[in-house]
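Those letters in the sequence shown? Residues 4 to 307, by the working numbering. Virtual Cβ for every residue (Gly too), placed ideally from N, Cα, C. Reviewing the structure listed below.
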Amino acid sequence: MTTTDSPNPISPAPVSLLGLGPMGLALAEALLDRGHPLTVWNRTPKKADAVVARGAHRAGTAADALAAAPLTLVCLKDYDAMYEALAAAPAAPGRLIVNLNSGTPREAREAAAWAAERGYAYLDGAIMVPPFLVGKDGAVFLYSGPRAPFDEHLPALRSLGDPRHLGTEPGLAVVYNTALLGMMYANLNGWLHAAALVDSAGVPAADFADLALGWFAPTVLSPAALHESAPALDGGDYPGDLGTLEMNLTALDHIVRTSEEQGVRADHPRLMHDIARAAVDLGHGQSNYYAVYEAFKARRQPAS
């Protein structure tokens, strides 16, 4: 007598993928690794050869790929490339398009409206890791749009990385992505400017790195400290008892003048100085440095 201890596991769902650049290929490999039947399309068909050799099906057109699976991932250059690729695709109620190219919040909202006119469910997404980390621990993907199709296709989305649904407003994933990338570039520029400044005194970056990255960054600029500041930003609470913005403005002026004296570009510290000055002009001179947040918000325009 044969018994079955548990029901058969659910087979991985079919997925279609448009776009096989370096990131698209990484998405395809992750899906194939987890057993998803995969249909792919690329403007240059030859780019699909490697994944077709692994078992993916090559679609003749983007519309054919869309018709082949309930979930289509789009990893093309921009929103216009998606519109062009799917211009001939018929309405397909119930099918989900997940757009993973970058753009602006307005473009994401326009894409959601474009999809709705054609009967598609639509999620806008952002890939927060380089291609070699797709499908691995620590990979995070951001999504915004309706929750129901996100939940329905969650197993496939988990094949790519940790899926974070941010909310139903289609532009949220783009806003988060842009904010995080802006944070990344600001941190990188801070390190590069600092390294250039000590280089002007004949100090190799490798010698400076131990103090700058081994001690200063994790101790003075620790993620925990920044995380703890978030409620103050939300509440507009910037007590200056441990140091005022006026004091910090003096330090920023010294960074600008030292950069100029040492022959290092001063654009970056001058911009920081000017933004801090704007916060002082808003009345935050006796607040702490986090009051610069108010200067960043001061020119915010209503979303359209």
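- In this structure, L248 sits near Y292, with a CB-CB distance shorter than 8 Å.
- Runs of alpha helix (DSSP H) with 4 or more residues, each lying fully within the stretch 11 to 87, are found at 25 to 36, 52 to 56, 65 to 70, listed in chain order.
- The Cβ-Cβ distance between L126 and S147 falls below 8 Å.
- Residue nearest to D202 within the set A151, V223, G238, S262 is S262 (criterion: CA-CA distance).
- Ranked by how close their Cα comes to the Cα of L245, the residues S290, V283, H257, L229 have S290 in first place.
- Taking a contact as a CB-CB distance under 8 Å, the pair P166 and L160 counts as one, their CB atoms being some 4 Å apart.
- The DSSP assignment places 150 to 155, 157 to 161 as complete runs of the alpha helix (DSSP H) inside the stretch 113 to 191, in order along the chain (cut-off: 4 residues).
- DSSP places L224 outside both helix and strand once states are collapsed to three, so it counts as coil.
- Assignment of V267 by DSSP, reduced to helix, strand and coil, places it in the coil class.
- For V295, no beta strand (DSSP E) segment is defined; the enclosing uninterrupted segment is the alpha helix (DSSP H) at 295 to 301.
- Partner residues in the beta bridge of V101, as assigned by DSSP, are L76, L126.
- In this model, A279 and V295 are separated by some 6 Å (Cα to Cα).
- DSSP places T253 in the helix class (H, G or I) of the three-state scheme.
- Between the stretch 171 to 186 and the stretch 223 to 242 there are fewer than three C-beta pairs closer than 8 Å, too few to call the two in contact.
- Here T107 carries a coil assignment [DSSP, helix/strand/coil].
- Under the DSSP assignment, A204 falls outside any alpha helix (DSSP H); it carries neither an H nor an E label.
- In the structure shown, D244 falls within a coil segment according to DSSP collapsed to helix, strand and coil.
- Note on T42: 16 or more other CB atoms within 10 angstroms of its CB, so buried under the neighbour-count rule.
- The beta-carbon separation of I100 and A118, rounded to 6 Å, stays under the 8 Å limit for a contact.
- The continuous alpha helix (DSSP H) containing A208 extends over residues 208 to 212.
- Annotation for H39: P15, A16, P17, V18, A159, S162 place their beta carbon closer than 8 Å to its own, counting only its chain and skipping 5 residues before and after.
- Sequence-distant Cβ neighbours of A71 in its own chain, meaning closer than 8 Å and more than five residues away, are P17, S19, T42, H60, A62.
- In terms of CA proximity to A91, D67 leads the group R98, D67, R112, A114.
- Distances from the CA of E120 to each of M131, M186, P93 were compared; the closest alpha carbon is that of P93.
- Under the criterion of beta carbons closer than 8 Å, L74 and H196 do not qualify as touching, at roughly 44 Å.
- L252 places its beta carbon less than 8 Å from that of V283.
- Taking all protein chains shown into account, L76 has 16 or more neighbouring C-beta atoms within 10 Å of its C-beta and is therefore buried.
- G288 has its alpha-carbon roughly 15 Å from the corresponding atom of M275.
- Here P226 is not near P134, since their CB atoms are 8 Å or more apart.
- Taking the C-beta atoms as reference points, D36 is found no nearer than 8 Å to G164.
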